[in-house]
Amino acid sequence: MTSSLPSKQPSSVGELLRRRLREVNRSRDELAEVLEVPGAYLDDLISGARRPPLPGRTDIYQKMTSFLRLGRNDLAACAHAERADATRGEAPAPEPGVRRLLLELCEPGTAQVLERRRVRQGSAELAGF
């Protein structure tokens, strides 16, 4: 099956779903029924409040692709790109004053562990806590 998408790729799964629903003249409720998911799940997915399912979720993507008459990999590729964009940026390290205040809120043992981790790993001292 060839893609019925124009050359400009949508920036999100929600945008793709919204556009294709309009183009094929179908409703969110119809898609939710086909996918056997609550309408609220689909609303969250389209609005961007929920991350798209993993691209390997063939149970969902195959049904969406068929219902929306998309190319075989259009939806999974869009989901993969969106999920990669969401995890690409790392949070910057807190300013030294903020770091000091955060460590003061911790139990002494936890503060020591975090400080050792900061010295060893750099800016990722608060990861995992």
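Quick note: the sequence shown, position 58, residue 66 per this note's numbering, numbers continuous.
Ideal placement from N, C-alpha and C gives every residue a C-beta, glycine not left out.
It is roughly 17 angstroms from the alpha-carbon of P116 to the alpha-carbon of V127.
Taking P102 as reference, the option from E123, R26 and L76 with the minimal CA-CA separation is E123.
By the Cβ neighbour-count rule, S19 is exposed, with fewer than 16 other Cβ atoms within 10 Å of its own.
The C-alpha of R27 is placed about 14 angstroms away from the C-alpha of D51. Assignment of G64 by DSSP, reduced to helix, strand and coil, places it in the coil class.
Secondary structure at R59: coil, using DSSP grouped into helix, strand and coil. Sequence-distant Cβ neighbours of L39 in its own chain, meaning closer than 8 angstroms and more than five residues away, are L25, L29, L50, M72, F75 and L76.
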